[in-house]
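In what follows, a structure is listed as structure tokens, so that the remarks can point back to it.
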Amino acid sequence: MDSDLKFKINPTWILVLDVFAAPLIYDVLNSISHPASEPRLIAGGLFLIVVLLYLGRVNLKMILGTPAIILTNDYLVDNLNLRSIDWHNISEIKIIEGNYRSFDKIIINLKRSEEYFNNPVKKARYKFRQLFLASDIGIIANFISGSPEEVLASMRAYLGKSAGL
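What follows is the structure, encoded as structure tokens:
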């Protein structure tokens with residue numbers, strides 16, 4: 005574990021999401037030519053912007069070959085969610101298996117969450133997330149190449165190494 009361990013983005017699930025987003029894109033673009041559907045255009049457009057910001061960023065990273073996550077001796081670098089987490093600040097890593105309607109998630113609980121949610125927008129999103137989930141950070145495991153168990157085992161090995169175990 006002297007070198008960095010990199011896990012690529014799983015193209016299968018990203019392409020599936022792209023296929024599901026395509027009709028939404030078509031619908032919003034089609035609404036532009038019909039002035040009577042202005043509320044639908046506004047609602048669909050806002051949702052489309054949010055979807056495209058995430059999918060566009062992830063697609064670009066996938067095309068450029070940027071790893072989904074990188075495990076270094078000092079940090080867990082999550083390129084999907086644009087964050088870097090110090091191993092010494094992680095208290096727990098586990099997997100929550102999704103059902104037929106959701107994805108598997110790698111859940112990371114932090115010792116000092118205030119370090120990562122320090123601006124008002126991040127803090128508000130964190131507080132809202134805490135209403136529904138009892139976790140600090142979630143990474144969609146299906147977006148990472150390799151089995152979720154393999155990724156989790158590697159993360160736990162790096163976490164144990166940083167703790168001196």
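Residue numbers (the working numbering): 5 to 169. All C-beta atoms, glycine included, are put in the ideal place defined by N, C-alpha and C. Note that the structure is a prediction, hence the values are computed from the model and not measured.
Residue closest to residue i, alpha-carbon to alpha-carbon, out of the options
i: Lys98; options: Met66, Asn83, Asp108; result: Asp108
i: Asn146; options: Asn103, Gly69, Val32, Leu86; result: Asn103
i: Ser106; options: Leu21, Ser37, Glu119, Leu135; result: Leu21
i: Asn85; options: Met159, Ile94, Pro71; result: Pro71
i: Asn113; options: Met66, Lys12, Ile94; result: Ile94
i: Asn63; options: Leu19, Asn77, Ala26, Gly150; result: Leu19
i: Ser151; options: Lys126, Gln134, Glu101; result: Glu101
i: Ile143; options: Phe51, Phe24, Ser88, Gly60; result: Ser88
i: Phe11; options: Leu156, Lys165, Ile141; result: Leu156
i: Val55; options: Phe121, Ala25, Asn122, Phe136; result: Ala25
Spatial distance of residue i from residue j (CA atoms)
i: Leu57; j: Leu28; result: 14 Å
i: Ile148; j: Ile110; result: 10 Å
i: Ser35; j: Gly48; result: 9 Å
i: Asn77; j: Trp91; result: 8 Å
i: Pro15; j: Leu68; result: 12 Å
i: Leu80; j: Arg129; result: 21 Å
i: Ala138; j: Phe132; result: 11 Å
i: Phe136; j: Ser166; result: 30 Å
i: Leu59; j: Leu50; result: 14 Å
i: Tyr120; j: Asp140; result: 10 Å
Residue i beta carbon near the ligand SAM (any heavy atom closer than 8 Å)
i: Leu68; result: The ligand SAM is not part of the structure shown, which contains no ligands of any sort.
Three-state secondary structure assigned by DSSP to residue i
i: Gly102; result: coil
i: Tyr79; result: strand
i: Arg87; result: strand
i: Gly60; result: helix
i: Leu137; result: coil
i: Ile74; result: strand
i: Asn113; result: strand
i: Asn164; result: The amino acid at residue 164 is misidentified as Asn; the sequence shows Gly. It is helical.
i: Lys10; result: strand
i: Ser37; result: coil
Cβ neighbours of residue i in the same chain (closer than 7 Å, five flanking residues each side left out)
i: Leu75; result: Asp8, Leu9, Ser158, Met159, Tyr162
i: Lys65; result: Ile13, Asn83
i: Trp17; result: Asn146, Phe147
i: Leu52; result: Leu28, Ile29, Val32
Close-in-space but distant-in-sequence residues of the same chain around residue i (CB under 8 Å, 5 per side omitted)
i: Glu153; result: Ile99
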